[in-house]
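If you read the protein sequences in the order shown, they are chains A and B. First residue of the first sequence? That's 154 in this note's numbering, and the numbers climb one at a time after it. First residue of the second sequence? That's 561 in this note's numbering, and the numbers climb one at a time after it. Every residue, glycine too, gets a C-beta built ideally from N, C-alpha and C.
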Amino acid sequence: MIEIEHLSKYFGATCAVQDVSFTVKRGEVIGLLGPNGSGKTTIMRVLTGFFPPTAGRARVAGYDAAEQSLALRRRIGYLPENVVLYPDMRVRAFLEFCAAARRMGADRRRERIAAVIHDCGLSEVISRLIGTLSKGYRQRVGLAQALLHEPEVLILDEPTVGLDPRQIIEIRSLIRGLRGRTTVLLSTHILPEVSMTCERVVIIDRGRIVAEDTAEALTRRVEGENRTLVRVEGPLEDVRAVLSAVPGVERVEVADGVASGRTVECIAHSRSGEPVRKAIAAAVVGRGWGLIEVRPLALSLEDLFVRLVTEEEAAIDADHV
Amino acid sequence: MTFLAVLRKELASYFVSPLFYVVAAVFLCLSGYYFYTDLIFFVTFGFGMSILENFWQLLLVDLRLVMLLSIPLLTMRLFAEEKKLGTIELLLTYPIRDGELFLAKFTACAAVLAILLAGTLLYPIYVYSLQPFPWVPLIAGYLGLFLLGLSFIACGLFVSSLTENQVVAGMATIGILLLCWILSWNEAATSPELLHVLVRLSMFDHFQGFARGTIDAQDLAYFLFFVSFFSFLTLRVLESRKWRGRR
Numbered sequence: 154m155i156e157i158e159h160l161s162k163y164f165g166a167t168c169a170v171q172d173v174s175f176t177v178k179r180g181e182v183i184g185l186l187g188p189n190g191s192g193k194t195t196i197m198r199v200l201t202g203f204f205p206p207t208a209g210r211a212r213v214a215g216y217d218a219a220e221q222s223l224a225l226r227r228r229i230g231y232l233p234e235n236v237v238l239y240p241d242m243r244v245r246a247f248l249e250f251c252a253a254a255r256r257m258g259a260d261r262r263r264e265r266i267a268a269v270i271h272d273c274g275l276s277e278v279i280s281r282l283i284g285t286l287s288k289g290y291r292q293r294v295g296l297a298q299a300l301l302h303e304p305e306v307l308i309l310d311e312p313t314v315g316l317d318p319r320q321i322i323e324i325r326s327l328i329r330g331l332r333g334r335t336t337v338l339l340s341t342h343i344l345p346e347v348s349m350t351c352e353r354v355v356i357i358d359r360g361r362i363v364a365e366d367t368a369e370a371l372t373r374r375v376e377g378e379n380r381t382l383v384r385v386e387g388p389l390e391d392v393r394a395v396l397s398a399v400p401g402v403e404r405v406e407v408a409d410g411v412a413s414g415r416t417v418e419c420i421a422h423s424r425s426g427e428p429v430r431k432a433i434a435a436a437v438v439g440r441g442w443g444l445i446e447v448r449p450l451a452l453s454l455e456d457l458f459v460r461l462v463t464e465e466e467a468a469i470d471a472d473h474v
Numbered sequence: 561m562t563f564l565a566v567l568r569k570e571l572a573s574y575f576v577s578p579l580f581y582v583v584a585a586v587f588l589c590l591s592g593y594y595f596y597t598d599l600i601f602f603v604t605f606g607f608g609m610s611i612l613e614n615f616w617q618l619l620l621v622d623l624r625l626v627m628l629l630s631i632p633l634l635t636m637r638l639f640a641e642e643k644k645l646g647t648i649e650l651l652l653t654y655p656i657r658d659g660e661l662f663l664a665k666f667t668a669c670a671a672v673l674a675i676l677l678a679g680t681l682l683y684p685i686y687v688y689s690l691q692p693f694p695w696v697p698l699i700a701g702y703l704g705l706f707l708l709g710l711s712f713i714a715c716g717l718f719v720s721s722l723t724e725n726q727v728v729a730g731m732a733t734i735g736i737l738l739l740c741w742i743l744s745w746n747e748a749a750t751s752p753e754l755l756h757v758l759v760r761l762s763m764f765d766h767f768q769g770f771a772r773g774t775i776d777a778q779d780l781a782y783f784l785f786f787v788s789f790f791s792f793l794t795l796r797v798l799e800s801r802k803w804r805g806r807r
């Protein structure tokens with residue numbers, strides 16, 4: 154449904170996207186994951202026909218994004234990144250305008266507007282001015298206009314930014330509900346969001362694809378290693394030696410902002426699935442030291458990026474050697 | 561259909577914003593002032609002379625200045641505001657042709673201009689009720705005012721498509737239009753040959769014929785060309801996003 158081949162986009166001399174290729178099958182929900190400024194929005198703007206790529210091709214529903222942009226735009230729904238809608242318009246008037254601009258007939262217009270009002274939870278604000286709505290509601294109005302014409306392809310740029318936790322859950326389940334019927338490409342920089350909503354993930358950094366995998370495989374990759382933070386009242390070198398000796402622990406590093414007074418902070422690395430926390434606690438207590446804290450550390454998105462980017466660079470180096 | 565949807569949105573956004581009401585109020589106040597003073601002048605000094613030449617012509621010529629000051633305020637927001645808000649991204653990713661978008665904005669502004677001009681029809685109606693006069697030549701005068709307004713709108717839309725700052729768009733439009741006007745004023749600063757060319761280029765000089773109550777094909781063609789030229793430029797600006805960043 155979405156085919157991107159060797160897509161590059163330059164703004165002057167600045168390269169925003171470099172040689173990106175991936176495809177999305179019909180009915181698939183795919184996540185574009187990357188830090189801010191990594192080129193997610195640029196890819197989406199090319200896909201929506203907002204501007205053409207510098208090089209390469211992008212096709213959506215069989216239509217070329219640069220050459221057949223009008224036919225393509227009829228078939229997509231797009232939620233831009235900073236959903237700024239007309240502040241002087243009321244929500245209903247705005248949705249009426251969107252439906253009319255998409256040439257929907259009167260019956261279908263009435264039916265679909267009622268449907269998106271229900272799906273996006275807009276019934277309370279339907280006659281309010283968009284300018285007076287909270288960020289969360291504005292986001293939902295943006296989503297409503299993208300869903301209005303039941304597009305074949307839905308392109309959502311950061312759909313859950315600015316929403317409160319309850320709304321995030323609602324929107325995620327709404328997107329999950331589209332699975333199989335609508336092809337969805339969504340971008341985010343929140344890792345759990347991807348695993349909750351997407352079947353497949355494309356990770357980009359500085360305009361290049363660094364990984365492409367299913368959400369499960371990615372999660373496994375992230376959780377391939379456990380890290381445990383240990384805070385102990387005791388002599389640093391001894392603590393380190395004792396922790397290294399605990400079965401299952403592969404490596405111990407001393408945390409950066411160590412020791413206030415007599416406490417030391419270490420991070421024990423262990424393979425995933427091996428319960429080491431109990432053994433660590435027992436070892437520390439057995440030596441008579443004060444055990445302040447034992448806590449698993451979650452691998453953050455930053456860690457994942459660092460790792461993926463390092464892997465990539467190592468691979469490039471290996472190619473060159 | 562799509563054109564109508566955008567047109568309705570544009571018209572609605574005029575009538576919900578205070579800007580339109582302020583511009584309309586200033587436009588009608590200034591026009592009314594000109595009407596009053598020109599009429600007093602005519603009654604005092606021109607009694608018994610042709611009312612067309614000595615009153616209506618003067619008034620129509622004075623109205624140019626009022627239009628020059630008010631129309632850029634109506635056009636400045638048309639593209640600049642969409643760009644500033646970011647809503648242009650939404651519009652350009654909707655199945656709306658650039659031409660439809662442009663035409664809808666142009667038509668909406670032209671409709672507002674028509675409303676403003678309709679407001680000034682009160683003057684001939686009032687004068688006619690006091691003392692009937694040959695009103696047919698006034699049709700040409702109003703046609704001329706409307707065409708002049710359309711050329712202002714075309715120019716203003718073009719400037720608005722270049723910037724995302726409304727004030728910049730408004731000021732630059734006033735500057736361009738004023739320059740077009742005063743271009744042919746100073747005979748001493750230009751050679752007679754050059755002045756001849758400048759007069760042909762100046763839209764304000766092409767308006768004179770209409771004010772006199774005549775419709776000249778040359779003047780009509782001039783305004784048609786002026787509007788098409790700036791519309792062409794605006795469409796190229798809209799299109800430019802498609803070739804920028806291409807290699």
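query	result
Which class does A/G184 belong to by DSSP, given the choice of helix, strand or coil?	strand
Would B/Y654 pass as a contact of A/A254 if the rule is Cβ separation under 8 Å?	yes
Taking only the alpha-carbon atoms, compute the straight-line gap between B/M636 and B/M561 and give it to the nearest angstrom.	25 Å
Taking a Cβ distance cut-off of 7 Å, strictly less, list which residues of the region 645 to 665 of chain B are near chain A, in chain order.	L645, G646, T647, E649, L650, L652, T653, Y654, P655, I656 and R657
Would you tell me roughly how many angstroms separate the C-alpha atoms of B/I736 and B/L717, rounded to the nearest one?	12 Å
Comparing C-alpha positions only, which one of B/L618, B/F601 and B/M627 sits nearest to B/C589?	B/M627
What's the call for B/Y686, buried or exposed, on a 16-neighbour Cβ count within 10 Å?	exposed
Quick check: A/R353 and A/E181, are their CB atoms within less than 8 Å of each other?	yes
What does B/K569 touch in chain A if you count any residue whose Cβ is under 7 Å from its own?	F250
Is the beta carbon of B/L798 closer than 8 Å to that of B/S558?	In the structure as shown, chain B begins at 561 and stops at 807. Residue 558 of chain B is therefore absent and cannot be evaluated.
Where does B/H766 fall in DSSP's three states?	helix
List the residues of chain B that A/G202 touches, going by C-beta distances under 7 Å, in chain order.	T653
Determine the DSSP secondary structure at A/I328, reduced to helix, strand or coil.	helix
Determine the chain A residues that contact B/S573 at a beta-carbon separation under 8 Å, and present them in chain order.	Y239, D241 and M242
How many whole angstroms separate the CB atoms of A/A340 and A/M197, which I take to be in contact at a CB cut-off of 8 Å?	Inspection of the sequence shows that residue 340 of chain A is occupied by Ser rather than by Ala. So it is a contact: roughly 6 Å between Cβ atoms.
With a floor of 4 residues, list each alpha helix (DSSP H) that falls wholly inside the region 252 to 315 of chain A, ordered by position along the chain.	259 to 272 and 288 to 300
Helix, strand or coil, according to DSSP, for B/F605 in the structure here?	helix
Closest to A/V395 by C-alpha separation, out of A/A370, A/A421 and A/R380, would be which residue?	A/A421
If A/L232 sits next to A/A299, beta carbons under 8 Å apart, how far is it from one beta carbon to the other, in whole angstroms?	5 Å
Please check if any C-beta of chain A sits within less than 8 Å of the C-beta of B/R637.	no
Should the region 385 to 394 of chain A be regarded as contacting the region 439 to 447 of chain A, the criterion being three or more beta carbon pairs within less than 8 Å?	yes
For a contact meaning CB atoms closer than 7 Å, what does A/R262 contact in chain B?	Within 7 Å Cβ-Cβ: nothing; A/R262 doesn't reach chain B, min ~11 Å.
Examine chain B for any beta-carbon lying closer than 8 Å to the beta-carbon of A/Y290, and answer yes or no.	no
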